[in-house]
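Trainee: Protein chains in written order, with the UniProt record's numbering: chain X, 1 to 371; chain L, 1 to 371.
There are 2 protein chains.
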Amino acid sequence: MRLKLKKEDLNKGLQAVQKVAQNKSNNISSENGLLIKALNNIIEFQANDYDMGIKTIVPGIIQESGEAFISNPYLMELTRRLPSDEIEIIKGDADTQLIIKGGSLKFECLTMNPDDFNEVEIVENGYSHFTTTSVIMKDLIDNTSYACATDVARPIFMGTYLDVQGNQISMVATDTHRLALKTATLEESTENPLQAVIPSRLLAEISRQLPTDIPEPVEITAVRNYLAVKFGNVYVRTRLIEGEFPNYRRVIPTDFKCLVTINRAEFTGAVERASIVAKDAQYNVINFTIADNQIKLMSQHPDYGTIEDYVSCQIEGTPLEISFNGKFILDILKHCHDDEVILKSRENSPMLVQDKEDLSCTFVVTPMRTK
Amino acid sequence: MRLKLKKEDLNKGLQAVQKVAQNKSNNISSENGLLIKALNNIIEFQANDYDMGIKTIVPGIIQESGEAFISNPYLMELTRRLPSDEIEIIKGDADTQLIIKGGSLKFECLTMNPDDFNEVEIVENGYSHFTTTSVIMKDLIDNTSYACATDVARPIFMGTYLDVQGNQISMVATDTHRLALKTATLEESTENPLQAVIPSRLLAEISRQLPTDIPEPVEITAVRNYLAVKFGNVYVRTRLIEGEFPNYRRVIPTDFKCLVTINRAEFTGAVERASIVAKDAQYNVINFTIADNQIKLMSQHPDYGTIEDYVSCQIEGTPLEISFNGKFILDILKHCHDDEVILKSRENSPMLVQDKEDLSCTFVVTPMRTK
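#1: Please confirm if residue 304/X has its CB atom under 9 Å from at least one CB of chain L.
#2: If contacts are defined as beta-carbon pairs under 8 Å, then residue 123/X and residue 237/X qualify, I think. What distance do you get, rounded to the angstrom?
#3: Using only alpha-carbon positions, find the residue among 318/L, 167/L, 125/L, 171/L that is nearest to residue 260/L.
#4: How about residue 276/L and residue 78/X: are their beta carbons less than 9 Å apart?
#5: List, from N- to C-terminal side, the beta strand (DSSP E) runs of 3 residues or more that fit wholly inside the region 39-85 of chain L.
#6: Which one of 125/L, 156/L, 144/L has the shortest CA to CA distance from residue 246/L?
#7: I'd like the ranges of any beta strand (DSSP E) spanning at least 3 consecutive residues and lying wholly in the region 254-302 of chain L.
#8: Output needed for residue 163/X: all residues of its chain with C-beta closer than 6 Å, excluding positions within five of it in sequence on either side, in chain order.
#9: If we define contact as Cβ-Cβ less than 9 Å, is residue 72/X a contact residue for chain L?
#10: Given residue 168/L, which residues of its chain have a CB within under 7 Å of its CB, disregarding the five upstream and five downstream residues?
#11: Using a Cβ-Cβ cut-off of 6 Å (strictly less than) and excluding sequence neighbours within five positions of residue 189/L, which residues of its own chain qualify?
#12: Helix, strand or coil for residue 217/L per DSSP?
#13: Can you give the beta carbon distance from residue 158/L to residue 199/L, rounded, assuming they're within the 8 Å contact cut?
#14: Give, in chain order, every unbroken run of the beta strand (DSSP E) that is at least 3 residues long and sits entirely within the region 170-199 of chain X.
#15: Is DSSP giving residue 242/L helix, strand or coil here?
#16: With a threshold of 9 Å between beta carbons, is residue 107/X in contact with chain L?
#17: Residues in the same chain with beta-carbon distance under 7 Å from residue 106/X, minus the five sequence neighbours each way, listed in chain order, please.
#18: What are the boundary residues of the alpha helix (DSSP H) that residue 249/X is part of?
#19: Determine, using beta carbons only, whether residue 142/X and residue 65/X come nearer to each other than 9 Å.
#20: What runs of the beta strand (DSSP E), each 3 residues or longer, lie entirely inside the region 313-344 of chain L?
#21: Which partner residues does residue 101/X have in the DSSP bridge list?
#22: Quick check on residue 134/L: does DSSP put it in helix, strand or coil?
#23: Whole angstroms are fine: how far does the CA of residue 326/L sit from the CA of residue 372/L?
#24: Can a CB atom of chain L be found closer than 9 Å to the CB of residue 365/X?
#25: Please check if any C-beta of chain X sits within less than 9 Å of the C-beta of residue 104/L.
#26: Interface residues of chain L around residue 272/X at Cβ under 7 Å?
#27: With DSSP as the reference, identify every bridge partner of residue 305/X, one or two as the case may be.
#28: If the cut-off is 8 Å on Cβ atoms, which residues from the region 108-136 of chain L count as contacting chain X, listed in chain order?
#29: Could you give the distance in angstroms between the alpha-carbon of residue 150/L and the alpha-carbon of residue 242/L?
#30: Given the structure, does residue 11/X come close to the ligand ATP, in the sense that its CB is under 8 Å from one of the ligand's heavy atoms?
#31: On the premise that residue 352/L lies in contact with residue 364/L, defined as a C-beta separation below 8 Å, what is that separation, rounded to the nearest angstrom?
#32: Just to confirm before moving on: does the CB-CB distance between residue 160/X and residue 220/X stay below 9 Å?
#33: Does the distance from the CB of residue 104/L to the CB of residue 311/X come in under 9 Å?
#34: Which partner residues of residue 235/X appear in the DSSP bridge assignment?
#35: For the candidate residues 70/L, 313/L, 48/L, 53/L, whose alpha-carbon lies nearest to that of residue 289/L?
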């Protein structure tokens, strides 16, 4: 194999597969790594850790076809620092060494047997298929998957639920203490509904790679136990979480006694300040007293003191005293976008938070009992 | 006590004392903390952890004199985020709570008995005294103290040696594998010579606080077992390390067989690249072959491969093959300033590195035996 690549293209290709190529968590390190395949005028990088398979096409010149399978934690840093924009990648068929050359630098590294690599197959037919844009997809992921559980005890909550029916696409995640839902509209309706629970950490990797400067089409195909996502030069196949995701629509409260309209930046500032002492105390509790057109915040740390603060707001309905985990409130406010947000609540019940104008995101957070 | 301060002044005052106020390493936490003292129209913040005592004057209005002694890890973050530029600090004489108020926020925190605080005394008479500028002092510290030892086995090498004779000021630090020396000139000669070994981590704290945008006078007074440093509103008293610092002038090599003039940026780039695999291998060894007007660099990691690189240079004298710890070379190059640096060496001997034009810094590094 003998390839000529631009440094920028090589780095982009490595960036796409590197995280999966370097995943050592499944302990089958001998089969983890990066496959470089130069065949039929196409240079392809692949990585596959069984949770996620990813392949990407890298522009370049094939002077000699071939393939190489390497596992090298320094590859990314090294190629980023190569002192030339023109890179050569060379491996003789009988050689076990791969050579990467750029400017004055030559890097020789050991390779493994390409037969040990489990290639990422392209799915042709799934039970459902739809197309959206990279911007919409990233928005759906980023506004929901943060709310998932990190606790392995209930695996279904470590995923984000994707629900597509007709031209409606929703994503939702919950750790049972809080929930985040985002909906969007597809330009073209999907023929068959799609429901899948995707591991949130895999979605984070997809979101990282989705281009947002210019919207690009994203094609999604669902098979029973995995999902295929295609955008630009990248093709990703992710494992799904088995089991039934609870009916999230039933969790979203609809009956409220106290409606608050509040400036998002001011409220965020006050919650951040109250979190300074709360964050290291147990459960990060902040007490909210909603009355007289202001929210009073109170937090305390048993050793280090008490913070009191307040923010003006508009209140409709009855006054309310309620406590929340400050981190959950901040997470929600970080994912709101409008200047003003709406808080809808009643005593001892989950609170609903939405942007004032844009209703595509719905956040729910369960109060804490402090008495 | 009742004070009115500008947020900016409060933050500046806390920044000066906070690191010492929060030092828990000496395990006498009951006496660690911040003393706020408002007396005779002066507001003073003090902290003292016995290694270092620091006091600073904070501009503000005293509405009621008094003092408070507090130990609170959240103070800095909280005052930085206070939603107002006008801050009030209030404590009744009989109260154990200190109240900090700014805009909508009120913070109440517990205080300790001010009698338990060991006040920082001002030294009037030392055996030696000199004045320089904050820029020169920071330069002396930053170019030398990084080379000290972190190994507590030989305490003298955890310090930086300050040597003042006439109008010559030098600082030098070594961990016995490498040495950094920086010299400067005083405007006014000191009457009595000064020699002191200052713990490098205390110098780092002083350097952090020395203003560099506008040079300010720095006054230094030496007493037998401590040093007093004064600049702007800040007064610092540091413990010294007892024992004799070795004669550093004898360690600096003077006999060379190979003189190299090399572009600093190009050489740094090549050493950085060679370090990518070397840094995780044992001792970070990089092999340098100096011949034919180029330096060839070679590094290897037993599992991950070999890097070869080269940089053009001018060589006078005989060719040389020699190995160094890559991190030590990078540390030196980071502290050089000229476009070109000079390397002076001979086989199996320490190498001397200097800027080509500015000879005020001298760096020495011991080679590694690889055979």
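Cβ coordinates follow ideal geometry from the N, Cα and C atoms, glycine included.
Owing to the predicted nature of the structure, the values given are computational and were not obtained by experimental measurement.
Mentor: If we stick to the structure as given:
#1: yes
#2: 7 Å
#3: 318/L
#4: yes
#5: 42-48, 52-57, 61-64, 66-70
#6: 156/L
#7: 258-263, 285-291, 294-301
#8: 170, 195
#9: yes
#10: 183, 185
#11: 166, 167
#12: strand
#13: 6 Å
#14: 178-185, 194-199
#15: coil
#16: yes
#17: 99
#18: 248-251
#19: no
#20: 314-317, 320-325
#21: 88/X, 106/X
#22: helix
#23: This structure gives no information on residue 372/L, because the portion of chain L shown stretches from 1 to 371.
#24: no
#25: yes
#26: 81
#27: 301/X
#28: 108, 109, 110
#29: 17 Å
#30: The ligand ATP is absent from the structure shown, which contains no ligands of any kind.
#31: 6 Å
#32: no
#33: yes
#34: 55/X, 230/X
#35: 313/L
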